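Asker:
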Amino acid sequence: MSGVFGCYDIKGSKQDVTRDTYYGIFSLQHRGQESCGIAVNDDGTFLVHKAPGLVTDVFDEVTLSALAGTCAIGHARGGSPRESGTDAIQPISIKSRVGNIALTSDSVIMNANKIRDGLKDQGAIFQTNTDSEIILSLFSRNRIRTEDCEHAILETMKEIHGVYAMIFMTEDKLIGVRDPYGLRPLILGKLGDKYYISSESCALDAIGCETIRDFLPGEIITISKDGMSSMQYDPATEKKDGKVCVFEYVYVARPDSVIDQMSIFDSRYRVGMALAKESPADVDLVIGAPDSGNAAAEGYAAGLGVAYGAGLLKNRYVGRTFIKSTQQQRELAVRMKFAALKTAIKGKRIAIVDDSLVRGTTTKHIISFLRENGAAEVHVRLASPPVKFGCCYGVNASSETELPASTKTIEEIRDMIGADSLAYISLDSLRASLNTIDCGVCSACFDGDFIAGKPEDDEESIHKVKYN
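Residue numbers (my numbering): 73 to 540.
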């Protein structure tokens, strides 16, 4: 899971392009804290600065001043056991026979090994184990064979099976691409003579630009000195056929973002209201697991007619535990992440609402915190169904062996985390709460329906594979 951002000034001005990209990836920091980077196009010369760490640690005034250009792309990367090490840091760039090309992507390619082997047979040399390098190598080869960048991308999309939001930067274009399933969000914005492409609208809001619209599933949007143009991977594709990852609404996206015409905060609030109707609790106070559980907790409290308040404080300097790379890292982060407000919870029956329960590490420690600080009862309500299937699309939900819901009953999970009661929202209610979005949702982590297949599925079954 990552955040991608791009900016292009069609009048050729270098003013604020790099700085806007910096603020863009800073606003997408919640999507990944492992590493970050920015690549700029300075009259055909590509300059790249990237390193492990947060955006504010990797960039300062000196590095930003050295990255002047008319076009820039940026990346905020989350941890992935599949793609590790400094070689995986993006953006990546190459000098090809058709000029300099750079790429920033939030992608997981199902047939990556097959494509890599095929390109190696054709003489390609790879420096990393990343899907992004495979995509860039494939695009570079196709660009030599086709009339323009857009058709090279079309040919690349025909060969790769997977999920992606990616931004290419060539010597004269900025090109955004959303996968044909619409699993990854990608949004277009504009301010004056500058166009922007971003994983989420919150990054566009941060720099004060207008959100134009979401990319359609399978859409390629090109920004050049001539303005904006669009091309569709499959002209028959309709927006309603897209299925954005449900975890964007449940957990990943920032609450102030809007994805596929649906406010993230509003969607979570509605889920909380539905959860109150479906699984009420006799409590004195409703609190959220900060921060991703807060909106659903507000909705749950409103649905119950019970007070909503703060019961937990979050250490803002600890990153998201769900997207840490190892279980040991997650457990350490959880212990440092929360503190209880004793005066607010002492002697009270508490309902704590969280976005999900994936491994249970965070939830178990939160319940322990609340009890240690005087909570009389702790009832857990979850704004998503049981996570039974490991996600192979990069959300970093691990294999089924690490997911309690894949092997345990709800009662067994309740006992494992130490709650007085435990309830999940049903998948039907979750979908009903999201029924105003412009496309459907992928719920493979709940129901096993992997619409883009699983890694290395055969070509015939890639679009219809189902795991139950």
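Where is the CB? At the ideal position from N, CA and C, for every residue including glycine. Every value quoted in this text rests on a predicted model; they were computed, and no experiment measured them.
In whole angstroms, what separates the C-alpha of S85 from that of A275?
Answerer: Those two C-alpha atoms are separated by around 21 Å.
Asker: Since D356 sits in a beta bridge, which residues does DSSP pair it with?
Answerer: DSSP, once it has assigned bridges, lists no residue as partnering D356.
Asker: Assess contact between the stretch 128-137 and the stretch 162-177, defined as three or more Cβ pairs (one per stretch) separated by less than 8 Å. Is contact present?
Answerer: The stretch 128-137 vs the stretch 162-177: no contact.
Asker: With distances taken from CA atoms, which of F461, M345, A411 is nearest Y380?
Answerer: Of the candidates F461, M345, A411, the one whose C-alpha sits nearest the C-alpha of Y380 is M345.
Asker: Do you know how far the Cα of F337 is from the Cα of D328?
Answerer: Each residue's Cα considered, the two are about 6 Å apart.
Asker: Whether or not the stretch 134-142 and the stretch 90-109 are in contact is what I'm after, with contact meaning three or more pairs of Cβ atoms, one per stretch, closer than 8 Å; do they touch?
Answerer: Touching, yes, given that three or more Cβ pairs across the two stretches are closer than 8 Å.
Asker: What residues match up with E449 in a beta bridge as DSSP calls it?
Answerer: Its beta-bridge partners are R421.
Asker: Please state if the CB of I207 and the CB of S179 are separated by a distance shorter than 9 Å.
Answerer: Closer than 9 Å, so yes.
Asker: Give me the Cα-Cα distance between T117 and E231, rounded to the nearest whole angstrom.
Answerer: When rounded, the distance between both Cα atoms is 29 Å.
Asker: State whether the stretch 446-460 contacts the stretch 486-497, with contact taken as three or more CB pairs (one from each stretch) at a distance under 8 Å.
Answerer: With the cut-off at 8 Å, the stretch 446-460 and the stretch 486-497 touch.
Asker: Given that a residue counts as buried once 16 or more other Cβ atoms are within 10 Å of its Cβ, and exposed if not, what is D203?
Answerer: Buried is the call here.
Asker: Take every Cβ of the stretch 275-292, pair it with every Cβ of the stretch 362-370, and state whether three or more of those distances are shorter than 8 Å.
Answerer: Short answer: they don't touch.
Asker: Are the CB atoms of V358 and L502 within a distance shorter than 9 Å?
Answerer: No.
Asker: Helix, strand or coil: which one does DSSP assign to M73?
Answerer: Of the three classes helix, strand and coil, the one that applies to M73 here is coil, per DSSP.
Asker: Tell me which same chain residues have a C-beta within less than 8 Å of the C-beta of Q304, skipping the five on either side of it?
Answerer: Within the same chain, Q304 has close Cβ partners L288, G290, E291, I292.
Asker: For F319, which three-state DSSP category applies?
Answerer: In this structure, F319 counts as helix in the three-state DSSP scheme.
Asker: Suppose contacts are defined by Cβ-Cβ distances below 9 Å. Is G78 in contact with I225 by that definition?
Answerer: In this structure, I225 does not lie closer than 9 Å to G78 by Cβ.
Asker: So which of G125, G150, E483, A382 has the shortest CA-CA distance to G541?
Answerer: Not covered by the structure: residue 541. The range shown for the chain is 73 to 540.
Asker: Select from D426, R421, I439, A423 the residue whose C-alpha is nearest the C-alpha of A411.
Answerer: Taking only the C-alpha atoms, the option nearest A411 is I439.
Asker: Out of E243, R431, L260, point me to the one whose CA is closest to K460's CA.
Answerer: That would be R431, whose Cα lies nearest to the Cα of K460.
Asker: By the DSSP assignment, the beta strand (DSSP E) with A379 in it spans what residues?
Answerer: Careful: A379 lies outside any beta strand (DSSP E) and carries neither H nor E.
Asker: Assuming T433 is part of the alpha helix (DSSP H), what are its boundary residues?
Answerer: 433-444 is the extent of the alpha helix (DSSP H) around T433.
Asker: Indicate whether S515 and V235 have their beta-carbon atoms separated by less than 9 Å.
Answerer: The answer is no: Cβ separation not under 9 Å.
Asker: Measuring alpha carbon to alpha carbon, tell me which residue in V112, D277, P163 is nearest E124.
Answerer: Here residue 124 turns out to be Pro, not Glu, going by the sequence shown. Cα-wise, what sits closest to P124 is P163.
Asker: Look up G365 in the DSSP assignment and give the residues it is bridged to.
Answerer: In the DSSP output, where bridge partners are listed per residue, G365 has none listed.
Asker: Work out the CA separation of K262 and Q333 for me, nearest whole Å.
Answerer: The straight-line gap from Cα to Cα measures roughly 17 Å.
Asker: Which of the three DSSP states is assigned to F118 in this structure?
Answerer: Of the three classes helix, strand and coil, the one that applies to F118 here is strand, per DSSP.
Asker: Can you tell me the Cα-Cα spacing of C143 and G299, whole angstroms?
Answerer: C-alpha separation (whole angstroms): 13 Å.
Asker: If distances are taken between C-alpha atoms only, which option among V89, G383, P352, V76 comes closest to H102?
Answerer: Comparing Cα positions, the closest option is V76.
Asker: Do L506 and D519 have their C-beta atoms within less than 9 Å of each other?
Answerer: Their beta carbons are not under 9 Å apart, which means L506 does not touch D519 by this criterion.
Asker: Kindly indicate which residue of T135, D115, D114, N113 has the alpha-carbon position closest to the one of H121.
Answerer: Checking every option, the nearest Cα to that of H121 belongs to T135.
Asker: Using DSSP with H/G/I as helix, E/B as strand and the rest coil, what is K262?
Answerer: Correct three-state label for K262: strand.
Asker: If you draw a straight line from the alpha carbon of I279 to that of S271, how long is it in whole angstroms?
Answerer: So the alpha carbons of these two residues sit roughly 14 Å apart.
Asker: Output needed for E310: all residues of its chain with C-beta closer than 8 Å, excluding positions within five of it in sequence on either side, in chain order.
Answerer: Note that E310 scores a pLDDT of 45, beneath 50, so its modelled location is shaky and nothing firm can be said.
Asker: Just reading off the beta strand (DSSP E) that D178 is part of, what are its end residues?
Answerer: Start and end: 171-181.
Asker: May I ask which residues mark the beginning and end of the alpha helix (DSSP H) holding D92?
Answerer: Where D92 is concerned, the enclosing alpha helix (DSSP H) stretches over 89-99.
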